[in-house]
Amino acid sequence: MQKPRNFAVLTTLGFLSAAAAGSIPRGVSPEFVSYYQAKDSFHCIANSNIEISLSRVNDNTCDCPDGSDEPGTAACAHIDPLSPQQPLPGSSSGTTKANHSLPGFWCENKGHIGAYVPFVYVNDGICDYDLCCDGSEEYASVGGTKCDNRCAEIGKEYRRLAEIKEKKMNDAQTQRSKMISDSDALRKQTENHITELEDEIRTIIAQKNVLDAKYKELQKKDRNRVVKSGSGGKLGVLLGQAKSRVNELRETLTKVADERDKLRIKVNELDTVLRKLKEEYNPNFNDEGVKAAVKSFEDFAAREAEQPSAEGDDVSSVLAEDGEHSGINWVEFESSDDDTDILYSLDAYLPVSLREFIQNQKAAIRDWLVDNGLLAEKGNTASESQATREAREAKETAERDLQRKEQELENEKSELSKDYGPSQIFRSLKGQCIEIDAGEYTYELCWLDKTSQKSKKGHGNTNMGNFKRIDHEVADDEERLDGKSLGKGTRMVMRYEDGQACWNGPNRRTDVWLGCSDKEELWRVTEAEKCVYKMEVGTPAACDEQLASEAHIKDEL
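According to mature numbering (1 follows the signal peptide of the UniProt record, and there is no 0), the residues represented by the sequence shown are -21 to -1, 1 to 536, in order.
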């Protein structure tokens, strides 16, 4: 929480002259010591042509335009980039850019880490232990304020937390290495599967070509046999064509019925939504769009109620397979007697003594005629022989296998080309979800899939976005004691877009910011703006980029 600041007007009697003491002035850090080592005078850091006596350093009067003569007081605290130029334009001494040359009042903080305190905090009557644990910024004891040196205990706690953080970071790096290894294995597995599928597809294509050739050859033989078999064969051709046409019509009707069922579901869902809107909307709320929608729905419902419900539109009986009890019983036609049956029953009129001889001779002649394609097989007047039907079924099975394998190959190649982040690390997280409870909702993140808001009161789930891509943005968060912070620097941001539409608003979307952690954990969820959510998530996958970014920032500083 921001602390109130009380500014006190101090007299120079409360300050010790650094020059008189012959030591480094109060508030000067080691990096600026060289500017204050002269014995007789001091030159302003940014304005070296301005020279003043050492007695005027830390005398609570701002003499240098850059404030460098007051490293240990708040006299030049007003100098910052947002302040007016000092001195003011038009003055006899000219103007200078209002930038302070010093970062702040230096606290040595022995036993902990040295730090700068803003000049405005110096001798304001408040102990700033978060920055100055040794209390040296309140050396004047304004208002009786006494800030004890707490660097020993604060430093000890800091080092304890630092050890915990370091251990977590080491664990995170170990976990990250494992994730990369798992992702590499999954990628290799996909690549191997692609190779296997390509081999299988080549084999199936070769088998299919053989089956196609065999089927065409048998079809040709069947056509020749049917043509030579006389009127019975012609009936078989007609029967085969009729059966084929009926099957085509049945398949088309099946597709139409499926589409009709899908449309019915959508209409029912829309009807439910509009009825709920009609029952729950506030007619006193002056929204002409909503009123018009409700009125249109009421008119539609009235028209529908007046029309008689459609009966007899169930097509299940039509779509049932042909057989003895439904549709056409093709067996009756395929197994019916043909025009040649009289030849097979002449022996009924012969004497018994000759019947056996005639039957043997007739069977031999018939077999010869069938083998040479001059007579159709008895009881097989359909357009397909059993051998042809088996060949066709084998060919169709190969075609289905080929189509399935080609679709599987396309899916695997698409999977392989997706962006899974640096080193493909997020491949190992695909299909996993994490969540956090927040008020009356549970928020869920499913990696590379979607984000959701789940109601604890049974009001259903809301899609907050579907995964689209991975971007990078700059974070500027303060460090937290629990380590659950994005910190400062470039971070990976996963974009989840095209979620469920907000009422009178855009489709929901979620920006998932990734910070370094030793495990996958959803830290916080906020609504940055209407229907735009921000999730802050910890994961070992983000550690390498975060550590590199923080190191770059430290180098710049």
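Beta carbons are placed, not taken as given, at the ideal position from N, Cα and C, and that holds for glycine.
None of the values given here were measured: they were computed from a predicted structure.
Distance CB(Asn88)-CB(Ala25) smaller than 9 Å: no
Any chance the stretch 367 to 385 sits against the stretch 130 to 142, with 3 or more Cβ pairs inside 8 Å? no
Who are the Cβ neighbours of Cys111 in its own chain at under 6 Å, not counting the five residues just before and after it? Cys86 and Val96
From the DSSP output, in three-state form, read off Pro519 for me. helix
Do you know offhand how far Arg448's Cα is from Ser393's? 15 Å
Cβ-based neighbour list, Gly73, same chain, cut-off 6 Å, excluding 5 preceding and 5 following: The pLDDT assigned to Gly73 is 48, lower than 50, so where the model puts this residue is not dependable; a value taken from the coordinates is nonetheless given after this. Nothing meets the Cβ criterion.
Using CA atoms only, rank isn't needed, just tell me which of Ser162, Glu452 and Cys130 is closest to Leu395. Ser162
Straight-line gap, Lys435 to Gln479 (C-alpha atoms, nearest Å): Near 18 Å, if we compare the C-alpha coordinates of Gln479 and Lys435.
Below 8 Å on the Cβ atoms is my guess for Leu501 versus Leu424; work out the distance and round it to an integer in Å. 6 Å
Contacts around Cys55, its chain only, beta-carbon distance under 6 Å, and the 5 residues preceding and following it disregarded: Cys41, Gly46 and Glu49
If you count every other CB in all the chains shown that lies within 10 Å of the CB of Pro485, and 16 or more means buried, which is it? exposed
At what residues does the beta strand (DSSP E) containing Gln432 begin and finish? Lys429 to Ser434
On a Cα-Cα basis, can you pick out the residue from Arg229, Ile244, Lys433 and Glu515 that is closest to Ala454? Glu515
Opening and closing residue of the alpha helix (DSSP H) in which Asp380 lies: Gln365 to Ser396
What residues match up with Ser20 in a beta bridge as DSSP calls it? Ser32
Less than 9 Å between the C-beta atoms of Arg488 and Asp450, yes or no? no
Just verifying my parser: in three-state terms, what is the DSSP assignment at Leu256? helix
Report the three-state DSSP secondary structure of Tyr420 (helix, strand or coil). strand
Determine the contact status of Asp201 and Glu363, defining contact as a CB-CB distance below 9 Å. yes
Is the beta carbon of Ser27 sitting closer than 9 Å to the one on Asp19? no
For Phe276, list the residues DSSP reports as bridge partners. None; Phe276 has no bridge partner.
8 Å Cβ shell around Ser120 - same chain, five flanking residues per side excluded: none
Could you work out which residue in Asn149, Asp113 and Lys147 is closest to Glu132 when comparing CA atoms only? For Glu132, the closest alpha carbon among the candidates Asn149, Asp113 and Lys147 is that of Asp113.
Can you tell which of Asn102, Trp426 and Gly123 has the C-alpha that lies nearest to the C-alpha of Gly400? Trp426
Taking the alpha carbon of Glu414 as the point to measure from, which residue in Asp398, Ser402, Gln432 and Ile404 has its own alpha carbon closest? Gln432
Check this for me: beta carbons of Arg503 and Lys467, under 9 Å apart or not? no
With the cut-off set at 9 Å, would you say Val12 and Gly51 are in Cβ contact? Not a contact, by the Cβ cut-off of 9 Å.
Can you tell me whether Lys409 is helix, strand or coil according to DSSP? coil
Reducing DSSP to helix, strand and coil, say where Lys193 ends up. Helix at Lys193.
Give the secondary structure of Ile3 by DSSP, where H, G and I count as helix, E and B as strand, and everything else as coil. coil
Per the DSSP calculation, Glu506 is bridged to which residue(s)? Tyr512
For the beta strand (DSSP E) containing Gly468, name the first residue and the last one. Lys467 to Glu476 is the extent of the beta strand (DSSP E) around Gly468.
Please report how far the alpha carbon of Cys495 lies from the alpha carbon of Gln152, in whole angstroms. 10 Å
Proximal residues to Asn247 (C-beta, below 6 Å), its chain only, five neighbours per side dropped: none
Residues of its chain near Val189, where Cβ-Cβ distance is below 7 Å and the 5 sequence neighbours each way are ignored: none
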